[in-house]
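Here the structure comes first, spelled out in structure tokens, and everything after it is commentary.
In the numbering used here, the protein residues as written are 11 to 171.
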């Protein structure tokens with residue numbers, strides 16, 4: 011990592027990205043940053059910022075799906091990238107773009123993209139409504155009212171075959 015920090019200017023020139031962007035990527039991914047660079051080698055458009063979350067690049071969403079095990083939009087926006095807590099829209103403005111970026115690698119069809127985006131927006135809206143409640147029990151009930159695309163049948167969880 012220290013060696014990479016010492017090479018920020020060279021990395022920025024090689025990747026054709028601003029120094030601040032390379033610094034940001036190094037702070038997030040450390041020495042694994044080369045894995046992100048490899049993903050963008052064949053598609054430079056992955057270095058474009060995500061709509062509604064300009065601090066993040068499209069390649070970061072793809073990386074979360076290909077290298078970090080993210081399987082759902084909620085995971086991508088709330089945990090892998092933290093877009094949900096770092097942007098005013100809580101990730102709603104980025105949801106569709108992120109879903110479309112990861113759809114091919116996660117095997118999502120159009121219906122699945124719509125389901126993931128819809129469920130994510132519903133979750134954010136439920137969280138916003140929950141913050142208006144005075145009692146914890148009411149807030150929790152409101153928050154849990156959003157659909158969860160991650161639910162799988164118990165039988166499948168116990169026997170994945």
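From the three backbone atoms N, C-alpha and C, an ideal C-beta is built for every residue, glycine too.
CB-CB length for residue i against residue j, believed under 8 Å
{"i": "residue 76", "j": "residue 49", "result": "7 Å"}
{"i": "residue 73", "j": "residue 40", "result": "So it is not a contact: roughly 13 Å between Cβ atoms."}
{"i": "residue 46", "j": "residue 69", "result": "5 Å"}
{"i": "residue 112", "j": "residue 71", "result": "6 Å"}
Rounded separation between residue i and residue j - CA only
{"i": "residue 34", "j": "residue 23", "result": "15 Å"}
{"i": "residue 115", "j": "residue 109", "result": "10 Å"}
{"i": "residue 137", "j": "residue 20", "result": "43 Å"}
{"i": "residue 15", "j": "residue 121", "result": "42 Å"}
{"i": "residue 134", "j": "residue 158", "result": "12 Å"}
Coil, strand or helix - residue i by DSSP
{"i": "residue 58", "result": "coil"}
{"i": "residue 25", "result": "helix"}
{"i": "residue 99", "result": "coil"}
{"i": "residue 147", "result": "helix"}
{"i": "residue 82", "result": "coil"}
{"i": "residue 158", "result": "coil"}
Where the alpha helix (DSSP H) containing residue i begins and where it ends
{"i": "residue 39", "result": "29-39"}
Endpoints, beta strand (DSSP E) assigned at residue i
{"i": "residue 67", "result": "63-67"}
beta-carbon residue i near the ligand NAD non-hydrogen atom, thresh 7 Å
{"i": "residue 20", "result": "As far as ligands go, the structure on display features none, and thus does not contain the ligand NAD."}
Between the segment 83-90 and the segment 44-61, do at least 3 Cβ pairs fall closer than 8 Å?
No, the segment 83-90 is not in contact with the segment 44-61.
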